[in-house]
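Trainee: Residues in the sequence shown are numbered from 2 upward in steps of one, following my numbering.
Beta carbons are placed, not taken as given, at the ideal position from N, Cα and C, and that holds for glycine.
Supplied in structure tokens, the structure appears directly below.
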Amino acid sequence: MTVSRARLRVEAAGGRSRVFHASATAPQRWAFGEPSCDGWADVCHQLIGDGVFAGDRCVTTINVERGAHTVVRSVAATPVRGPGRGVTITRIRVAPGAAAVHLPGALIPQRSADHTTALRIDADDGARVLAASTIVLGRSGMGERGAFSHLRFRTTARYGDATAYAEEATIRPAAWLCDGPAGFAGAEAALSILVLGDWPPAAPVWWGALATTPGIRGGVARLRVGGIAFRALCRTLGDANELLVAVERTLRAERIRPAGT
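In structure tokens form, the structure reads like this:
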């Protein structure tokens, strides 16, 4: 069994966002440089090796302090391996006036995989968050589409003092390989995005063109408080990744900058 912990803290200083603390134990690691020209801190989260194995527990904690803006992305997909259960846990805390964009790699279950993914977001009043997750049903090139055992997803998001979103889902191959509305309906990837806070992507109209790009069938729903949820079925994993690139590019083109710039 491997227990890996990674912590990241981003703070605002001099009108730019900088990484003030980053620590990780194998197989997790962080990679980052100077703040980008628009003042955001760009950080890569990496999982070195051959993925998450049975018995592994990977915990990632991201703290974005007041006025800081950051994009945390993964450079590759995350294979999850079986037999036996592995766990990945991500905790994101965002302070007032701060913004966090979380773009992890796609989760790719291999044969007999039994995996649990948990995401908890705590956004203060005045914070802004965009958090994505992408799932595929296996390595189609290896004949493993639907060959996993179970995938479990637990997501909780709080905005201020209220629960904005809470979901617990279990995916079993027999149910999700169907062509009906409850399954993947022939798509290779499913994409989910939560947006919290008062900023352009929290408005359903912002997603109009993005939801109708080729290879994407998506829609937006308002949350009870705090923002929206966007979900899409994607023809390929490449289509899902291209949509996330477009989301980030569009968002950052709106010149949402750290406080004081």
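Using the Cβ count rule (16 or more neighbours within 10 Å means buried), how would you classify histidine 22?
Mentor: Residue mapping note: residue 22 aligns to position 21 of the sequence shown, counting from 1. Exposed is the call here.
Trainee: Could you pull the DSSP bridge partners for valine 60 from this structure?
Mentor: Within the sequence shown, numbered from 1, the residue matching residue 60 stands at position 59. Answer is Arg6 and Ile90.
Trainee: Which residue from Val102, Leu238 and Gly161 puts its Cα closest to that of glycine 216?
Mentor: Here residue 216 is taken as the residue at index 215 of the sequence shown, counted from 1. Looking at the Cα atoms, Leu238 is the closest of the given residues.
Trainee: Of the choices Cys38, Arg112 and Arg129, whose alpha-carbon is the least far from that of leucine 138?
Mentor: As a first step, residue 138 must be located in the sequence shown, where it is residue number 137. When each option's Cα is compared against that of leucine 138, the closest is Arg112.
Trainee: Which one of Trp207, Ile229, Gly198 and Ala241 has the shortest CA to CA distance from arginine 218?
Mentor: Within the sequence shown, residue 218 is the residue found at index 217, counting from 1. Closest option to arginine 218, Cα to Cα, is Ala241.
Trainee: Are the CB atoms of aspartate 51 and proline 269 within a distance shorter than 9 Å?
Mentor: No answer is possible for residue 269: it lies beyond the span of the chain, which begins at 2 and ends at 262.
Trainee: Report the three-state DSSP secondary structure of tryptophan 207 (helix, strand or coil).
Mentor: Here residue 207 corresponds to residue number 206 of the sequence shown, with the count starting at 1. Three-state DSSP puts tryptophan 207 in a helix.
Trainee: Closest to cysteine 38 by CA distance: which of Gly187, Arg17, Pro110 and Gly56 is it?
Mentor: Numbered from 1 along the sequence shown, position 37 holds the residue referred to as residue 38. The shortest Cα separation from cysteine 38 among Gly187, Arg17, Pro110 and Gly56 belongs to Arg17.
Trainee: Is the Cβ-Cβ distance between leucine 195 and alanine 247 less than 9 Å?
Mentor: Position 194 of the sequence shown holds residue 195. Position 246 of the sequence shown holds residue 247. Against a cut-off of 9 Å, the Cβ pair of alanine 247 and leucine 195 comes out as no contact.
Trainee: Taking valine 130 as the reference, give the member of Ala165, Phe154 and Thr118 with the closest Cα.
Mentor: The residue you call residue 130 lines up with position 129 of the sequence shown. For valine 130, the nearest C-alpha among the options comes from Ala165.
Trainee: According to DSSP, which residues form a beta bridge with aspartate 123?
Mentor: The residue you call residue 123 lines up with position 122 of the sequence shown. For aspartate 123, which the question treats as bridged, DSSP gives the partners Arg94 and Arg159.
Trainee: Under the three-state reduction of DSSP, which class applies to threonine 251: helix, strand or coil?
Mentor: Counted from its first residue, the sequence shown places residue 251 at position 250. Here threonine 251 sits in helix by DSSP.
Trainee: Measure the alpha-carbon distance for arginine 10 versus arginine 58 and round it to whole angstroms.
Mentor: Taking the sequence shown and counting its residues from 1, one reaches residue 10 at position 9. Taking the sequence shown and counting its residues from 1, one reaches residue 58 at position 57. Going from the Cα of arginine 10 to the Cα of arginine 58 covers about 21 Å.
Trainee: Can a CB atom of chain C be found closer than 9 Å to the CB of arginine 19?
Mentor: Absent from the structure is chain C; it holds one protein chain and no more.
Trainee: Whose CA, out of Thr3, Val72 and Pro28, lies closest to the CA of arginine 253?
Mentor: One-based indexing of the sequence shown puts residue 253 at position 252. It is Val72.
Trainee: Taking all protein chains shown into account, do 16 or more other C-beta atoms lie within 10 angstroms of the C-beta of serine 193, making it buried, or fewer, making it exposed?
Mentor: For the purposes of this step, residue 193 is identified with residue 192 of the sequence shown, where counting begins at 1. So serine 193 counts as buried.
Trainee: Glycine 106: beta carbon under 8 Å from a heavy atom of the ligand NAD?
Mentor: Among the components modelled here there is no ligand, and therefore nothing to report on the ligand NAD.
Trainee: Residues in its own chain within less than 6 Å of arginine 159 by CB, not counting five upstream and five downstream?
Mentor: Counted from its first residue, the sequence shown places residue 159 at position 158. Result list for arginine 159: Asp123, in chain order.
Trainee: According to DSSP, is leucine 138 part of a helix, a strand, or is it coil?
Mentor: Against the sequence shown, residue 138 aligns to sequence position 137. Three-state DSSP puts leucine 138 in coil, outside helix and strand.
Trainee: Do you know offhand how far threonine 26's Cα is from aspartate 162's?
Mentor: Start at 1 with the first residue of the sequence shown, and residue 26 comes out as number 25. Start at 1 with the first residue of the sequence shown, and residue 162 comes out as number 161. About 32 Å.
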